[in-house]
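Student:
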Amino acid sequence: MLAYLLRRLGYLIFVVWGVSFAAFFIAQVVPGDPIAAALGSNARDAQIEAYRIKTGLDKPVWVQYSRYLNRLVKGDLGNSLRTRRAIAADLRDFFPATLELTLAAMVFAILFGLPTGLLAALYKDTVIDVGVRSLALIGGATPIYWLAILLISIFHTKLGWLPGPGRLDAFLIPPPEVTNMMSIDTLIAKDFEAFIDSIRHLILPAIVLGAFSTALLARMVRNTMIEVLAQDYIRTARAKGISERWVIVKHALRNGALPILTVLGNLLGSLLTGAVLTETIFSWPGIGSYATSSAISLDFPAVMGVTLVAGLTYAGINLFVDILYAFFDPRISYA
Amino acid sequence: MLKRMLILALGLLSFTVFAQSARQTTLVVGVDLGDLITLDPQVSYEFSGSLITDNLYETLVRFEGADLSEVKPALAESWSIEAQADGSHKIIFNLRDATFSSGNPVTAADVVYSFDRAIGIAGPSSFLFTDVAKMAVGSTVAANDKTVELSVPANANPNIVLNLLTFNIGGIVDSKVVMEHELDGDFGSAWIRENSAGSGPYVLERWDAGSQIILTANENASRVGSIKRVILRNMQESSAQQAALESGEIDVAYNFTPEAFNAAKSNADYTALQTDSFQMTYLGMNSGEGKPFADNRIRQAVRYAIDQDGIINNLLGGLGRKMQTIIPFGLFASDDTMYYTHDVEKAKALLAEAGAEDLTVEFLVSTGSCGGGIPCADLGAKIQSDLAEVGITANIRQLVQSELLDIYRAQGAELVVVGWSPDYPDPDGNATPLGDYNAKSLAWRNDWNNPASSELAAAAALESDSAKRGELYGQLTKLVAEEGPFAILYQPSVPIVTRAYVNDFIRNAQGNVDFDKVSKTE
């Protein structure tokens, strides 16, 4: 197991290098002068040249790349051209908000996608199944943008049940920043009013972000379970007189877990990097909006930083899922 | 039992009263803070940074309310401009008694430190001091604790310098506090980026990156208002701001769409404010030798071809002012003469005269949004159809703004639609870049070299007699309107919608708002 882990971590380094290499050279071929973009249309030529020298962008590409790698090895992602601060510091500010939102969306997807998918499989070709499948189809086909505005206008503007954009009511004092995840920080500060408010603020964006995943998960669970439930060992288990619940939980679900796990891992990765729209509409200060603003202003160091973190997270999640495989399926062993 | 209930009721009542008064003294603003980089007054050069730093720091002189024609006293209770024998000037400022949020008194040494800091830091706005005001380290001297002398060389205009000092680069920082936070000669910039050390009406309580800025009243300030707390929430989406304003979560919304703004006008719960800006959106026409617009008759034809009213009424929903000259409304010497009308026949005749009946040009249009928040693509399409009507084929090439700027900066654009706003609230902020080829700015980018225009711009920049200066600018705006490489399209307004209980929310054309002047009557 340890040897396997080490080998995988070795791969991870290779992945990081590959991602950084691709990010760096894509940045080189994209047209447009990042320095001129950072300083705006009124900037004087002398100003632009001074900033170019200050940021090292006047040097040849290979010098820039070796400097970049040099810093990367030390864990330094460099400075953003746009915000003029360390990219690592920017990411520390923005990444936790996205992580919090993504995890909430994931919880929503599992809470709704798993049981509905299971129900549809158990009651295959009944009204329940058709209902779940139709919902899944709608959920998978609804544009995030439209869904967000619809939910805001119903649950926030019209009914007033849930708060609108933002992470915390403006009149509440935000907790000191520890993890930069609002719900956790309010708990650390033992401010329960703020904690409840932060959870309420999470609900709508989590639903919007998680809608597609929920639909996908429900269909995936349904199909997998239908397949598993038709297997001989399920019939054998039932023939032995094991209770239906036990058959489903112990025999069917466990065997159906692998493909579901794979999907979950992929979903988490894509949610983390695909929250841009949701973040924009809900004024959520996450990595998605940071990446978009950086890309628009040609802030390549920041874009490379985001790419690297996204790549790492993706690889990390995959590793975690692979390890979980062994847990769910004893036939898989990494020894 | 009764007693207990009574206490409970009283407690609840006092809680509601407290909550009520907290709401009365807290102003929540929904605004796109996407451009916010730093709160260092000597570095910030963005709209939101300027809006905030202007409430954290005081300048020597300032504009009051929406009136930007005359500077008023601020930290300097009086000043005088003394002409020197060599043609240079000395501005002598007498400081009033004031205290920083730290409790330190504001002294002439703080002014000297702040101005030298602006130069030494070489930030994006430093050129205002070094290139426009021609200041250097040593130009500002403390004659005594309360008197500051600023030397202005003969090639700079002391009145422009005064105007510059109203901008946040002239914000006076607490030198003692800032110096304590200096790191590797950075003038404390890393620290002050997200902290405050000024004498303005507010101090920075916290900045949650990407999320919100919270300001609280500065207890030592001389400017005291009824709003004790200002929360600026970063809301990039217009729809988010509309929802939040409707539910009362925010008191002020900055980014309504023209349609939503026009709907808000007739809503009794709202106050819709159409505020001015100094921005302008214009067409740049490359007038260099051998370029499509080298002949002024063709440039005139374009000016006659454009349907400005159609753009303003239909695309902008009325949120813009029609203008044809290079000095925006609201600034000294702005010229509201309309030099041309929408006249298709006249445009065609001019083109025929110039022998350019089937002119084809490349038209650069940004993929982003143009002045007033409308998509540049829409504006480009409207201009394209206006030009087609007179027989000019404009082939639109859509580019990301930054890429478009690269081409434009290198004189590589034939026809381009972009925006401009002056760097400082003085006509020179437009006259020199748009009128003087030698300034290597907009006139240069469109390769329009007109010595008369350059001379007028340079002379007006240095003229200290305001009547004469106004006359020079009159000649310049006429010249550029009739011969220049631009077709000015409009000056966009900034639509702000507040709840009706918000009073005196005044945004001036520079984008600044005195939060201490605002009040709420809920």
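So the protein sequences, as listed, match chains A and B. Its first residue numbered -19, the first sequence is counted upward by one per residue in the numbering used here. Its first residue numbered 342, the second sequence is counted upward by one per residue in the numbering used here. Just so you know, even glycine gets a beta-carbon here, dropped at the ideal spot from N, CA and C.
Just the chain A side, please: which residues come within less than 7 Å of residue 369 of chain B by C-beta, in chain order?
Tutor: 150
Student: Are the C-beta of residue 578 of chain B and some C-beta of chain A separated by less than 7 Å?
Tutor: Yes, residue 578 of chain B counts as interfacial toward chain A.
Student: By DSSP, does residue 405 of chain B sit in helix, in strand, or in coil?
Tutor: strand
Student: May I ask you to list the residues that DSSP assigns as paired with residue 735 of chain B?
Tutor: B:702
Student: Does any C-beta atom of chain B lie closer than 7 Å to the C-beta of residue 168 of chain A?
Tutor: Cβ-Cβ to chain B under 7 Å: no for residue 168 of chain A.
Student: So what does DSSP say about residue 633 of chain B, is it helix, strand or coil?
Tutor: Reduced to three states, the DSSP call for residue 633 of chain B is coil.
Student: With 7 Å set as the bound, which would you pick, yes or no: does the beta-carbon of residue 602 of chain B sit closer than that to a beta-carbon of chain A?
Tutor: no
Student: Are the segment 730 to 740 of chain B and the segment 777 to 796 of chain B touching by the rule of at least three beta carbon pairs closer than 8 Å?
Tutor: As far as the Cβ criterion goes, the segment 730 to 740 of chain B does not touch the segment 777 to 796 of chain B, which means the pair count is below three.
Student: Given this structure, state the Cα-to-Cα distance separating residue 618 of chain B from residue 763 of chain B, to the nearest angstrom.
Tutor: 10 Å
Student: Over what stretch of residues does the alpha helix (DSSP H) that includes residue 434 of chain B continue unbroken?
Tutor: Unbroken run through residue 434 of chain B is the beta strand (DSSP E), 430 to 436; no alpha helix (DSSP H).
Student: Please state the DSSP three-state secondary structure of residue 860 of chain B.
Tutor: Looking at residue 860 of chain B - three-state DSSP - the assignment turns out to be strand.
Student: I believe residue 455 of chain B touches residue 561 of chain B by the beta-carbon criterion, under 8 Å. Please report the beta-carbon distance rounded to the nearest angstrom.
Tutor: Not a contact, Cβ separation roughly 17 Å.
Student: Please go through the segment 598 to 633 of chain B and give each complete alpha helix (DSSP H) segment of 4 or more residues, from N-terminal end onward.
Tutor: 599 to 605
Student: Which term fits residue 403 of chain B, buried or exposed, when burial requires 16 or more other beta carbons within 10 angstroms of its beta carbon?
Tutor: buried
Student: Report the neighbours of residue 63 of chain A on chain B: residues whose CB is nearer than 7 Å to its CB, in chain order.
Tutor: Residue 63 of chain A reaches chain B at 378, counting residues in chain order whose Cβ is nearer than 7 Å.
Student: Using 10 angstroms around the beta-carbon of residue 577 of chain B, count the other beta-carbons present and answer buried if the total reaches 16, otherwise exposed.
Tutor: It counts as buried.
Student: Here's a check: name, in chain order, each residue in its chain whose Cβ is nearer than 7 Å to the Cβ of residue 179 of chain A, leaving out the five neighbours to either side.
Tutor: 163
Student: Please state whether DSSP places residue 141 of chain A in a helix, a strand or coil.
Tutor: coil
Student: Following the continuous alpha helix (DSSP H) through residue 689 of chain B, name the residue where it begins and the one where it ends.
Tutor: 685 to 694
Student: Touch check for the segment 842 to 862 of chain B and the segment 647 to 658 of chain B: three-plus C-beta pairs under 8 Å?
Tutor: Under the 8 Å Cβ criterion, the segment 842 to 862 of chain B does not count as touching the segment 647 to 658 of chain B, having fewer than three qualifying pairs.
Student: Looking at residue 137 of chain A and residue 587 of chain B, is the spacing between their C-beta atoms short of 7 Å?
Tutor: yes
Student: Taking C-beta pairs closer than 8 Å, name the residues in chain A that residue 840 of chain B reaches, listed in chain order.
Tutor: In chain order: nothing, as chain A lies at least about 13 Å away.
Student: Can you tell me where the alpha helix (DSSP H) with residue 554 of chain B in it begins and where it stops?
Tutor: Counting along the chain, residue 554 of chain B falls outside any alpha helix (DSSP H), though it belongs to the beta strand (DSSP E) covering 553 to 558.
Student: Which residue from B:765, B:769, B:804 puts its Cα closest to that of residue 853 of chain B?
Tutor: Taking each of B:765, B:769, B:804 in turn and checking the Cα distance to residue 853 of chain B, the smallest one comes out for B:765.
Student: Could you run through the segment 560 to 578 of chain B and flag, in chain order, every residue whose CB is less than 7 Å away from some CB of chain A?
Tutor: 572, 574, 575, 576, 577, 578
Student: Output, in sequence order along the chain, the residues in the segment 106 to 140 of chain A whose CB is closer than 9 Å to any CB in chain B.
Tutor: Correct list: 128, 129, 132, 133, 136, 137, 140.
Student: Looking at residue 440 of chain B and residue 486 of chain B, is the spacing between their C-beta atoms short of 7 Å?
Tutor: no
Student: What does DSSP give as the partner residue(s) for residue 763 of chain B in the beta ladder?
Tutor: Answer by DSSP bridge pairing: none, since residue 763 of chain B is not bridged.
Student: Quick one, which of B:407, B:493, B:797 has its alpha-carbon nearest residue 427 of chain B's?
Tutor: B:493
Student: When you compare the CB of residue 197 of chain A with every CB in chain B, is at least one pair closer than 7 Å?
Tutor: Cβ-Cβ to chain B under 7 Å: no for residue 197 of chain A.
Student: For the putative contact between residue 534 of chain B and residue 379 of chain B, defined by C-beta atoms under 8 Å, what is the C-beta separation to the nearest angstrom?
Tutor: 4 Å
Student: What does DSSP give as the partner residue(s) for residue 514 of chain B in the beta ladder?
Tutor: For residue 514 of chain B, which the question treats as bridged, DSSP gives no partner whatsoever.
Student: Verify the CB distance criterion: does residue 353 of chain B have a CB-CB separation below 7 Å to chain A?
Tutor: Low confidence applies to residue 353 of chain B: its pLDDT is 49, below 50, so where it sits in the model is not reliable enough to give any reading.
Student: Should residue 755 of chain B be flagged as near chain A, meaning a C-beta pair shorter than 7 Å?
Tutor: Chain A, which has no Cβ nearer than 7 Å to the Cβ of residue 755 of chain B, makes this no.
Student: Could you pull the start and end residues of the beta strand (DSSP E) that residue 372 of chain B belongs to?
Tutor: 367 to 372
Student: For residue 495 of chain B and residue 644 of chain B, which I take to be in contact (beta-carbon distance under 8 Å), what is that distance rounded to the nearest angstrom?
Tutor: Wrong, their Cβ atoms sit about 38 Å apart, outside the cutoff.
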